[in-house]
Amino acid sequence: MTTCNIVPGYEIVHPMESLMLAAEPGLGASDASECLDNWTRYFCNAAESDDDVLMTPQRVSALVHTLVAARQRARRLIAERDALKRAANTEVIRWIDASEQLPDADIDVMVKIDDESVPIWIGHHDGEVWYVDDSWHEAVTHWAEMPFGPEVAS
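For the sequence shown, the working numbering gives the first residue as 23, with consecutive numbering after it.
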């Protein structure tokens, strides 16, 4: 039996348990890697002692290749999961046609001005006209709410 450092005091009876632990949600890449290391040690020990399975050098080599591929796939899946989590926390900017709907009066919003070289400006609508860069402007085509600023760790 192998002791699992991820769950203190837990004895791994079979390496498959180690792989199941590696698939736990919220498990970091290093923890998953450690679980795969337990799997590798299991087969290496079995090859040396001949206790559990009859291991030939060819079988050990095939298992090592399988484990390397599994480790790469686990890392790729963990990275993909983490990227999806980050993407889920990303705000989506929704542009609104200024001819269809106006923002609340005197609230700063991002604006797109027709035929301008600057792609986005900050402006507001005072209930009657648009003000962009402290000047009255009539060519605002679209607007969007300002995104939230980044979270700052305190």
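Where a beta carbon is used, it is the ideal one built from N, C-alpha and C, also for glycine.
Since the model is a prediction, treat every value here as computed from it, not as a measurement.
Cβ neighbour criterion (16 or more within 10 Å) applied to residue i
i    : result
A45  : Note on A45: pLDDT 48, under 50, position unreliable in the model; the coordinate value appears next. It is exposed - the Cβ of A45 has fewer than 16 other Cβ atoms within 10 Å.
A105 : exposed
R93  : buried
H147 : buried
A110 : exposed
A96  : buried
L43  : Low confidence applies to L43: its pLDDT is 48, below 50, so where it sits in the model is not reliable enough to give any reading.
When the options are compared against residue i, the one with the closest alpha-carbon
i    : options               : result
H164 : I100, R103, D119      : D119
V154 : L99, R97, A110, V131  : V131
P169 : I129, D156, P79, E102 : I129
Neighbourhood of residue i by C-beta, 6 angstroms cutoff - its chain only, sequence neighbours within 5 removed
i    : result
G149 : A127
L124 : H147
Beta bridge counterpart(s) of residue i as assigned by DSSP
i    : result
M132 : I144, A166
H87  : None, per the DSSP bridge assignment.
S157 : V154
I118 : W165
Contacts around residue i, its chain only, beta-carbon distance under 7 angstroms, and the 5 residues preceding and following it disregarded
i    : result
R116 : A166
V114 : none
Same chain, Cβ closer than 8 angstroms to residue i, five either side skipped, listed in chain order
i    : result
Q152 : Looking at the sequence shown, residue 152 is not Gln but Trp. Excluding sequence neighbours, W152 sits near A120, V133, G145, H146, W158, H159, E160, V162.
D137 : A161
A91  : none
I135 : W143, V154, H159, A161, V162, T163
P141 : K134
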